[in-house]
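Just so you know, we're using the UniProt record's numbering here: the sequence shown kicks off at 1 and counts up by one. The next block holds one structure in the form of structure tokens; read it before the comments.
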Amino acid sequence: MENKWSIFNRALKDSFIKMNPKIQIENPVMMIVYLGAIITTVLFFTQGLGAGNQTWFTFSIALILWLTILFANFSEAIAEGRGKAQADSLKQAREDVTAKKIKSIDTPMAQEEVLSSALKKGDLVYVVAGEQIPMDGEVVEGAASVDESAITGESAPVIRESGGDRSAVTGGTTLVSDHLIIEVTAESGNSFLDKMISMVEGTERKKTPNEIGLQIFLITLTIIFLVVSATLYTFTDFSSQLIGRGEAISITTLTALLVCLAPTTIGALVSSIGIAGMSRLNKENVVAMSGRAIEAAGDVDILLLDKTGTITLGNRRASEFRPVAGIEEIEVAKAAQLSSASDETAEGRSIVVLATEKFGLEEHLIDESKATFIEFSAKTRMSGIDYEGQEIRKGAADTMKQYVEAHGGVYPDDCDEIVADIAKVGGTPLVVVKNKVVLGVVYLKDIVKTGVKEKFEDMRKMGIKTIMITGDNPMTAAAIAAEAGVDDFLAEATPENKMDLIRKYQEKGHLVAMTGDGTNDAPALAQADVAVAMNTGTQAAKEAGNMIDLDSSPTKLISIVKIGKQLLMTRGALTTFSIANDIAKYFAIIPVLFFSIYPELTALNIMHLTNPTTAILSAVLYNALIIVALIPLALKGVKYKEMPASKILSHNLLVYGLGGIVAPFIAIKAFDMILTLLFF
């Protein structure tokens with residue numbers, strides 16, 4: 001990443017490049033300032049030095065107007081500079097490498113070496129440890145560790161494997177173990193890395209609906225001030241001749257008046273605010289496919305959150321052994337520990353740890369030649385071990401009931417009661433059976449993440465409703481939802497009812513955000529207003545989402561909503577400040593403009609400005625320098641607070657509305673005093 005001085009130097013250079021009229025015309029408000037600078041510059045050269053003070057006044061106005069344009073360009077360029085610096089580091093990862101193209105999975109050794117840029121969608125490539133993945137794709141065979149630090153910045157490798165929701169790989173990342181056969185899903189120039197570079201550089205950034213709406217409003221104000229300013233010349237010329245004193249306002253003064261009254265402050269900063277918002281999102285390792293998605297995040301009032309990984313830690317942990325009548329708890333612990341001896345899942349290891357910690361049971365050393373391990377499968381919904389005459393199984397309650405009764409055993413009623421009690425509090429019961437006899441139940445508990453309840457309370461204060469999505473049964477889902485503090489939940493979730501839920505809220509006028517990583521999440525992601533796809537997820541999920549989280553953290557959705565709201569708050573606050581600025585400018589310029597014709601207007605010169613020249617120069621100077629002063633705020637964003645929209649509005653009106661009125665009074669008076677002291 002480039003250092004700050006490099007970004008500054010690049011932005012300074014780009015500020016002059018942006019002086020191109022083709023670029024300036026994209027911002028109509030600043031185009032008025034641009035034309036004003038040209039007009040006053042022409043007037044300076046046509047007046048000649050013999051015009052004395054009037055010439056230097058015109059020169060000063062022209063210079064300040066050119067600086068105003070330059071400052072506006074700089075605010076946009078410095079915001080873009082951050083993205084360009086990030087893009088430069090990404091381009092290093094987007095090198096054209098040699099790929100091993102194969103014809104089919106069955107003939108991986110029949111390879112043809114081609115450049116990655118020549119790969120087409122649907123091609124198969126063979127990648128081994130130490131090689132760079134040549135292009136975006138889906139793993140169709142193999143499992144391996146992949147270093148994605150070139151994209152995510154995270155040095156720890158991640159697992160990518162065929163099937164499931166961790167099959168997508170990104171071109172430019174590096175394989176660090178084993179081998180993979182990958183089916184290419186994107187062509188050169190259209191890869192995820194290419195899109196990411198374009199987005200962070202800002203080359204594909206389009207104005208969002210809110211920006212367009214604000215620009216229309218600013219243009220309307222500017223047109224009104226343009227019409228008013230245009231009529232002042234004839235009005236003052238007529239009035240001076242009618243009254244017999246004074247003279248018509250000069251073109252230079254009218255130009256300065258128009259620039260000061262037009263909403264140039266927000267006009268100069270509006271683009272940089274949007275770019276900076278996207279930059280803040282990039283810092284969170286989230287790539288937005290459009291600026292519209294970020295703004296939509298700011299307006300979101302419904303959050304759909306997966307239970308696993310977002311609300312809970314993602315791995316259930318054994319917290320208790322509950323025996324049935326006539327069985328000791330330690331017997332349940334021994335059997336459960338033995339059945340989990342080869343279980344490397346987080347749940348299986350937690351059973352071993354609980355038995356060891358609670359009863360001091362040492363982990364069994366299994367002679368694998370004498371043991372038969374029964375792996376868990378979605379079909380059988382049980383796992384276990386056959387060892388030294390013991391046939392131990394553990395699994396879901398209904399499955400174990402069928403298993404026991406099918407083998408002539410008796411399933412005790414109190415086991416059903418234990419299972420029901422665990423489900424009521426949001427736990428997952430695993431029934432343990434030894435030699436067809438039910439011993440008891442292992443209570444697996446979903447661990448709600450620390451601080452999640454407080455986060456949801458903050459969301460509630462902001463008027464955002466949180467809904468937990470889970471495949472659990474309604475009873476379990478309700479218990480976890482109550483513990484986590486979410487407002488509602490959707491149990492036994494399927495792709496269809498997730499999409500139906502989103503549609504239901506959208507039909508009521510709500511904006512909905514959700515996360516997902518699997519192919520089965522793609523329909524709901526496509527329907528949601530803000531759809532955050534996990535980078536570890538499938539290609540279908542990535543294509544359906546309008547944001548991609550490079551860290552693949554489901555909790556990132558909350559941060560995204562905050563960034564979106566901060567973007568809208570910043571734009572609103574600076575718009576308020578800009579418009580409020582005009583009040584002081586009225587009192588600075590209007591009285592002195594008509595002073596020679598209507599001396600009684602001196603009463604409106606409440607700032608006691610020295611003369612028309614210092615008053616106008618002070619106002620124009622303030623108009624230019626306030627842009628520079630507000631660049632840090634535009635880039636950083638106003639301070640975010642979890643408050644309802646009405647309170648945020650009241651706060652911003654007080655701080656930026658009142659501040660926008662007071663600040664120019666102080667600054668313009670200070671500039672007037674300095675100019676009087678130095679030149680007049």
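Ideal placement from N, C-alpha and C gives every residue a C-beta, glycine not left out. Since the model is a prediction, treat every value here as computed from it, not as a measurement.
Could you check which residue in A72, D472 and N285 has the C-alpha nearest to that of V425? Working through the sequence shown from its first residue, we reach residue 425 at position 425. Distances from the CA of V425 to each of A72, D472 and N285 were compared; the closest alpha carbon is that of D472.
Taking C-beta to C-beta, are D529 and V300 nearer than 8 Å? Your numbering for residue 529 matches position 529 in the sequence shown. Your numbering for residue 300 matches position 300 in the sequence shown. Going by beta carbons, D529 and V300 fall inside the 8 Å limit.
Under 7 Å Cβ to Cβ from I327, same chain only, skipping five residues before and after it: list those, please. One-based indexing of the sequence shown puts residue 327 at position 327. L439 and G440, listed in sequence order.
In the DSSP assignment, find the unbroken alpha helix (DSSP H) run with V42 in it and report its ends. Residue numbering aside, residue 42 sits at position 42 when the sequence shown is read from its first letter. Looking at the DSSP string, the run of the alpha helix (DSSP H) that includes V42 is P28 to Q47.
Beta-carbon separation of G137 and V169 under 8 Å? By 1-based counting over the sequence shown, the position of residue 137 is 137. By 1-based counting over the sequence shown, the position of residue 169 is 169. Result yes, Cβ atoms of G137 and V169 sit closer than 8 Å.
Give a yes or no on whether the C-beta atoms belonging to A615 and I589 are separated by under 8 Å. Within the sequence shown, the letter at position 615 stands for residue 615. Within the sequence shown, the letter at position 589 stands for residue 589. Yes; because the gap between Cβ atoms is below 8 Å, this pair is in contact.
Touching or not, the segment 266-273 and the segment 20-38, by the rule of three or more beta carbon pairs under 8 Å? With a cut-off of 8 Å on Cβ pairs, the segment 266-273 is in contact with the segment 20-38, counting three or more such pairs.
Is the segment 465-480 touching the segment 335-348, taking contact as three or more C-beta pairs under 8 Å? No: fewer than three Cβ pairs fall under 8 Å.
Using the beta-carbon count (16 or more within 10 Å), is M109 buried or exposed? Taking the first residue of the sequence shown as position 1, residue 109 is located at position 109. Label assigned to M109: exposed.
Residues sharing a beta bridge with H179, DSSP: Along the sequence shown, one-based indexing puts residue 179 at 179. Its beta-bridge partners are V128.
Which one or two residues does DSSP pair with I469 in a beta bridge? Within the sequence shown, the letter at position 469 stands for residue 469. Checking the DSSP bridge columns, you'll see I469 partnered with D306 and L490.
Which word fits L617, buried or exposed, when buried means at least 16 other C-beta atoms lie within 10 angstroms of its C-beta? Residue mapping note: residue 617 aligns to position 617 of the sequence shown, counting from 1. By the Cβ-count criterion, L617 is buried, with 16 or more other Cβ atoms from all chains shown falling within 10 Å of its own Cβ.
Check whether chain C comes within 8 Å of V441, counting only Cβ atoms and requiring the distance to be less than that. No chain C is part of this structure, which consists of one protein chain only.
Quick one: Cα of E2 to Cα of L115, how far? As a working mapping, residue 2 is identified with position 2 in the sequence shown. As a working mapping, residue 115 is identified with position 115 in the sequence shown. Annotation note: pLDDT 48 at E2 (below 50); position unreliable, no value reported.
Can you tell me which residues form a DSSP beta bridge with residue 681? Residue 681 is absent from the model: the chain starts at 1 and stops at 680.
Straight-line Cα distance separating R166 from G666: Mapped onto the sequence shown, residue 666 falls at position 666. Mapped onto the sequence shown, residue 166 falls at position 166. Looking at the sequence itself, residue 666 is Ile, so the reference to Gly does not match. Roughly 59 Å separates the two Cα atoms.
Looking at C-beta atoms only, is the number of pairs between the segment 639-655 and the segment 585-604 that lie closer than 8 Å three or more? They do not touch, by the three-pair rule.
Of the residues T372, A333 and E375, which one's Cα is nearest the Cα of F359? Here residue 359 is taken as the residue at index 359 of the sequence shown, counted from 1. Nearest of T372, A333 and E375 to F359, Cα basis: A333.
Taking only three categories from DSSP, how would you classify D147? If you number the sequence shown from 1, residue 147 lands on position 147. Note: D147 maps to strand in three-state DSSP.
Distance between V128 and E320 (C-alpha atoms, nearest Å): As a position in the sequence shown, residue 320 is number 320, starting the count at 1. As a position in the sequence shown, residue 128 is number 128, starting the count at 1. Going by C-alpha positions, E320 is about 45 Å away from V128.
Rounded to the nearest angstrom, what separates W5 and A629 at their Cα positions? The residue given as residue 5 occupies position 5 in the sequence shown. The residue given as residue 629 occupies position 629 in the sequence shown. Roughly 19 Å between the two C-alpha positions.
Contact between the segment 382-395 and the segment 425-437 (3+ Cβ pairs under 8 Å): Counting Cβ pairs under 8 Å, three or more are found: they touch.
Can you name, in chain order, every residue of its own chain whose Cβ lies under 6 Å from the Cβ of P644, other than the five neighbours on each side? Reading the sequence shown from its first residue, position 644 is the one you call residue 644. So the qualifying residues of the chain are G463.
So D96 and S117 are supposed to be a Cβ contact under 8 Å. How far apart are they, rounded? Sequence index remark: in the sequence shown, residue 96 carries index 96 (1-based). Sequence index remark: in the sequence shown, residue 117 carries index 117 (1-based). Rounded to whole angstroms, the Cβ separation of D96 and S117 is 5 Å, and the two are in contact under 8 Å.
I'd like to check one pair, T236 with I249: are the Cβ atoms closer than 8 Å? For the purposes of this step, residue 249 is taken as the residue at position 249 of the sequence shown. For the purposes of this step, residue 236 is taken as the residue at position 236 of the sequence shown. Going by beta carbons, I249 and T236 fall inside the 8 Å limit.
Inter-residue Cα distance where the pair is S340 and R571: To locate residue 340, count along the sequence shown from 1; it is residue 340. To locate residue 571, count along the sequence shown from 1; it is residue 571. C-alpha separation (whole angstroms): 56 Å.
My output table needs one value for E284: the three-state DSSP class, helix, strand or coil. In the sequence shown, the residue the question calls residue 284 occupies position 284. In this structure, E284 counts as coil in the three-state DSSP scheme.
Go ahead and pull the three-state DSSP assignment for T576. Working through the sequence shown from its first residue, we reach residue 576 at position 576. Helix, per DSSP.
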